[in-house]
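Notes follow the structure.
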Amino acid sequence: MSRAWASTLLVAALAAPLPLATGACATYRDDLDRAVAAYNDREYERAVALFDLVEPDLDSLSVSERARYAYYRGMAHYLSDQRRDARHWLGNAAAREKASEGSLHPEEAAKMNETLEELNQDRWGGASTPGAEAETCEADRDCVKGQFCDDGTCRDAPGADGADDVVELDDKKGGKGESCRGDADCASTLVCKDGTCSPPK
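Residue numbering for the sequence shown follows numbering that gives the first Met the number 0, beginning at 0 and increasing consecutively.
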């Protein structure tokens, strides 16, 4: 076999998986677009079901697509009167937007903040989240509500200063460093990355 022929075969073998990988990412984006379309068509329960299908593949989406996923999923839960899930996913969207400003359109960010404010007032009766001095911690459950454990220190969750929206940490969800299969397994200010609850980056 000639060297040119061997080189051609090597290039063909290396290039063959590329369309498959590109197609897989497009499929996840298509699934996200279908879920958002169901939301826009006011089919909120169908949208939630479609978002459930996308969740295992969140790592395949871009940073802004993940924020968009969390926002629309939270709003779909909210409009389906599933307030707890709405708070979780909108809190997740708020954390992603804070970590990567501009991930959401300004109108989406405004609606997210407005809805979180309403949900937080329902949850706490208008009271702000109790604060605490920088406590040491090993996991989110060691901190007061409205805080999360970050490198051994309790920190305020996005909006916990009272000026913005308060994001509740769910004691039943995984804290930083705990294992997870998807974002739903983590506290609202964390995301599941490589099987571990971590702050969004």
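Glycine included, every Cβ here is placed at the ideal spot set by N, Cα and C.
Own chain, CB closer than 8 Å to residue i, minus 5 neighbours either side, in chain order
i: residue 81; result: 47
i: residue 136; result: 142, 148, 151, 152 and 153
i: residue 30; result: 49, 52, 53 and 56
i: residue 33; result: 49
Reference residue i, options the options, closest by Cα
i: residue 79; options: 152, 37 and 183; result: 37
i: residue 122; options: 83, 92 and 151; result: 83
i: residue 56; options: 106, 191, 146 and 154; result: 191
i: residue 111; options: 89, 178 and 119; result: 89
i: residue 86; options: 66, 119 and 34; result: 119
i: residue 75; options: 198, 42 and 179; result: 42
i: residue 50; options: 40, 35, 58 and 178; result: 35
i: residue 193; options: 45, 58 and 44; result: 58
i: residue 101; options: 45, 72 and 66; result: 66
Cβ-heavy atom distance, residue i to the ligand SAM, below 7 Å
i: residue 155; result: The model depicted lacks the ligand SAM and carries no ligand whatsoever.
Presumed contact (8 Å Cβ cut-off) between residue i and residue j, rounded CB distance
i: residue 27; j: residue 53; result: 7 Å
Beta-carbon spacing of residue i, residue j below 8 Å
i: residue 149; j: residue 174; result: no
i: residue 68; j: residue 103; result: no
i: residue 60; j: residue 93; result: no
i: residue 108; j: residue 117; result: no
i: residue 187; j: residue 91; result: yes
i: residue 228; j: residue 195; result: Residue 228 is absent from the structure shown; the chain starts at 0 and stops at 200.
Beta-carbon proximity list for residue i, same chain, < 6 Å, skipping 5 on both sides
i: residue 155; result: 146
i: residue 206; result: In this structure the chain extends from 0 to 200, so residue 206 is not present and cannot be described.
i: residue 199; result: 94, 95, 98 and 190
Return the chain-ordered ranges of every alpha helix (DSSP H) run that is complete within the stretch 70–101 and spans a minimum of 4 residues. 82–98
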